[in-house]
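S.K.:
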Amino acid sequence: MREPGGGVVSIPELRPGETVEGFFAVMIKDLRPFRDPGKGAYLHLKLRNRTGFIEARVWDRAEELAEVFEEGDPLWVTAEVNNYRGTNQLIVGDLAAVDPAEVTPEHFLPESPRPLEVMEGELWAAIEALPRGPVSRLLVEIFGNPEFYQAYTRAPAAKRVHHAYLSGLLEHSLEVLTVLTGGSPGGDRLDMEILTAGALLHDVGKIEEYEYRVDIDYSPRGRLIGHIALGYRMVDRWIAAFPDFPGDRATHLGHLLLSHHGEHAYGAPVLPQTAEAVALHHADILSGKVGQALAIGDGIEPGAWSDYDRLLGRYMWSPPRPGDAEPEG
Ligand SMILES: [Fe+2]
Ligand SMILES: [Fe+2]
781 MREPGGGVVS
791 IPELRPGETV
801 EGFFAVMIKD
811 LRPFRDPGKG
821 AYLHLKLRNR
831 TGFIEARVWD
841 RAEELAEVFE
851 EGDPLWVTAE
861 VNNYRGTNQL
871 IVGDLAAVDP
881 AEVTPEHFLP
891 ESPRPLEVME
901 GELWAAIEAL
911 PRGPVSRLLV
921 EIFGNPEFYQ
931 AYTRAPAAKR
941 VHHAYLSGLL
951 EHSLEVLTVL
961 TGGSPGGDRL
971 DMEILTAGAL
981 LHDVGKIEEY
991 EYRVDIDYSP
1001 RGRLIGHIAL
1011 GYRMVDRWIA
1021 AFPDFPGDRA
1031 THLGHLLLSH
1041 HGEHAYGAPV
1051 LPQTAEAVAL
1061 HHADILSGKV
1071 GQALAIGDGI
1081 EPGAWSDYDR
1091 LLGRYMWSPP
1101 RPGDAEPEG
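Taking the numbering used here, the leading residue of the sequence shown gets 781, the next gets one more, and so forth.
(1) In chain order, what residues place their C-beta within less than 5 angstroms of a heavy atom belonging to ligand 2?
(2) Leaving out the 5 sequence neighbours to the left and right, which residues in its chain are closer than 6 angstroms to H1040 when beta-carbon positions are compared?
(3) Please list the terminal residues of the continuous alpha helix (DSSP H) segment that includes Y1012.
(4) Could you tell me the alpha carbon to alpha carbon distance between Y998 and K939, rounded to whole angstroms?
(5) If you draw a straight line from the C-alpha of E1110 to the C-alpha of R815, how long is it?
(6) Could you tell me if the beta carbon of I1008 falls within a distance shorter than 8 angstroms of some heavy atom in ligand 4?
(7) With distances taken from CA atoms, which of V872, P885, I834 and M972 is nearest E908?
(8) In angstroms, rounded to a whole number, what distance separates the CA positions of M781 and G802?
(9) Report all residues from its chain with a CB closer than 7 angstroms to the CB of L970; omit the five preceding and five following residues, and keep chain order.
(10) Three Cβ pairs or more, each shorter than 8 angstroms: is that satisfied between the segment 830-840 and the segment 867-877?
(11) Short of 7 angstroms in beta carbon distance, which residues of its chain neighbour V788, apart from the five on each side in sequence? Order them along the chain.
(12) Indicate, with yes or no, if ligand 1 has a heavy atom lying under 8 angstroms from the CB of H1041.
(13) Using only CA atoms, which one of L918, G1042 and E991 lies nearest to G1002?
(14) Mapping the DSSP letters down to three states, classify M1096 as helix, strand or coil.
(15) Closer than 6 angstroms by C-beta to V1070: which residues in its own chain qualify, once you throw out the five before and the five after it? Chain order, please.
(16) Given a cut-off of 9 angstroms, decide if T858 and V872 are closer than it, judged by their beta-carbon atoms.
(17) Return the CA-CA distance between V919 and L1004, expressed in angstroms with no decimal places.
(18) Counting only the same chain and skipping the five closest in sequence on each side, list residues whose C-beta sits under 6 angstroms from that of G1109.
(19) Would you mind listing the beta strand (DSSP E) stretches within the segment 835-912 that are 3+ residues and don't spill past its ends, in chain order?
(20) Please report how far the alpha carbon of Y929 lies from the alpha carbon of L950, in whole angstroms.
(21) Could you check the C-alpha separation between L1091 and T933 for me, to the nearest Å?
(22) Could you check if G1083 is buried or exposed, using at least 16 other CB atoms within 10 Å of its CB as the buried criterion?
(23) With 16 as the cutoff for other CB atoms within 10 Å, does T976 come out buried or exposed?
(24) By Cβ distance below 7 angstroms, which residues in the same chain neighbour P796 in space, the five residues on each side in sequence not counted?
(25) Go ahead and pull the three-state DSSP assignment for A821.
(26) Jot down the residue ranges of each uninterrupted beta strand (DSSP E) in the segment 929-974, minimum 3 residues, whole runs only, in chain order.
(27) Taking all protein chains shown into account, decide if W1018 is buried (16 or more other Cβ within 10 angstroms of its Cβ) or exposed.
(28) Which of helix, strand or coil does DSSP assign to I1076?
(29) Assign V848 to one of two classes, buried (16 or more other C-beta atoms within 10 Å of its C-beta) or exposed (fewer than that).
(30) Could you give the DSSP three-state label for L811: helix, strand or coil?
(31) Any idea if L954 is buried or exposed, counting beta-carbon neighbours within 10 angstroms, 16 or more meaning buried?
(32) Considering only residues of the same chain and omitting the five flanking positions on each side of G1047, which have a CB-CB separation below 7 angstroms?
(33) Residues in the same chain with beta-carbon distance under 7 angstroms from R1029, minus the five sequence neighbours each way, listed in chain order, please.
(34) Applying the 10 Å Cβ sphere with the 16-neighbour rule, what's the burial state of Q1072?
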């Protein structure tokens, strides 16, 4: 089905022997000589779609087909599934370049496990729960901008590690907000108006920090400036368009953005210096760390151990689900 949103084969469900066709993006393209030089070369590929990654081989017409595409390009691939040493791979019969206008990031990148409509509902409910005033007016203005709204609700929160999928930024921001509104220490002594804005906007610079088409990567501006400075600049500009926005609240919101990484070593230009900033920083850590653990757990069977995770400096265990428990006896 070569139609919008169609053409995505479920990689985990492939069965050896079946023939499949669909959109795949090329992560690795390597033209390698056969051992017998008279036979020319074959293509060694790593492909992805939104359901995962798979290796592929092109045995026939490899040199001719290699001319058609580069790494990072989307392709329409027809292939047979082959099991090689216990792992499925695709033996490509044919492939064709695809007009980039024909595909969207949704073909190639995984999405948040939470339904987008549910998260959008939570976002607007949080904004509407605020007392009418400059902060709520600012948020309505920001999130009411269609172009910004589209970018904010689709952006990933990371390249890898946590919430590294479409709508990950929205999911992560709502998690941070939920931690703060759902019984944070400090309770109603915290300024929930400015904290709501801080939770929703603390990582807003990630909209510019990442590029995502067939893969998630840093944009040049993201690498050179980073999401803290990018986000502060965005929020500062929005506030400047509200001449009557109270100066102390503008400063506090700016402080929440600039201090949310908590320590200079983690990129914060200033340390959290209000109770709200301390709360936001820890809520951000909680969402990020749990997201990181869940992402590792997603890759392993219940009851199994992960590979050694260098970022965490440990192995992670996936506990058996309650239904998998050993029978009593
Ligand atoms: Fe951040
Ligand atoms: Fe964050």
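Every residue gets a Cβ at the ideal spot worked out from N, C-alpha and C, and that includes glycine.
M.R.: For this structure:
(1) D983 and D1064
(2) H982, L1060, H1061 and D1064
(3) P1000 to A1020
(4) 7 angstroms
(5) Absent from the model: residue 1110. The displayed extent of the chain is 781 to 1109, so no value can be given.
(6) With respect to ligand 4, the structure offers nothing, as its ligand set consists of ligand 1 and ligand 2.
(7) M972
(8) Its pLDDT being 47, under 50, M781 is placed unreliably in this model, and the value from its coordinates should be taken loosely. Those two C-alpha atoms are separated by around 8 angstroms.
(9) S964, A1055, E1056 and A1059
(10) yes
(11) G802, F803, N829, R830, T831 and H887
(12) yes
(13) E991
(14) coil
(15) none
(16) yes
(17) The sequence as given places Leu at residue 919; Val does not occur at that position. Using only the alpha carbons, I get a separation of about 28 angstroms.
(18) Confidence at G1109 is low in this model, with a pLDDT of 46, below 50, so its placement is unreliable and no value can be given for it.
(19) 854-864 and 867-877
(20) 10 angstroms
(21) 27 angstroms
(22) exposed
(23) buried
(24) V861, N862, N863 and N868
(25) strand
(26) none
(27) buried
(28) helix
(29) exposed
(30) strand
(31) buried
(32) G1006, I1008 and H1041
(33) P914, V915 and I974
(34) buried
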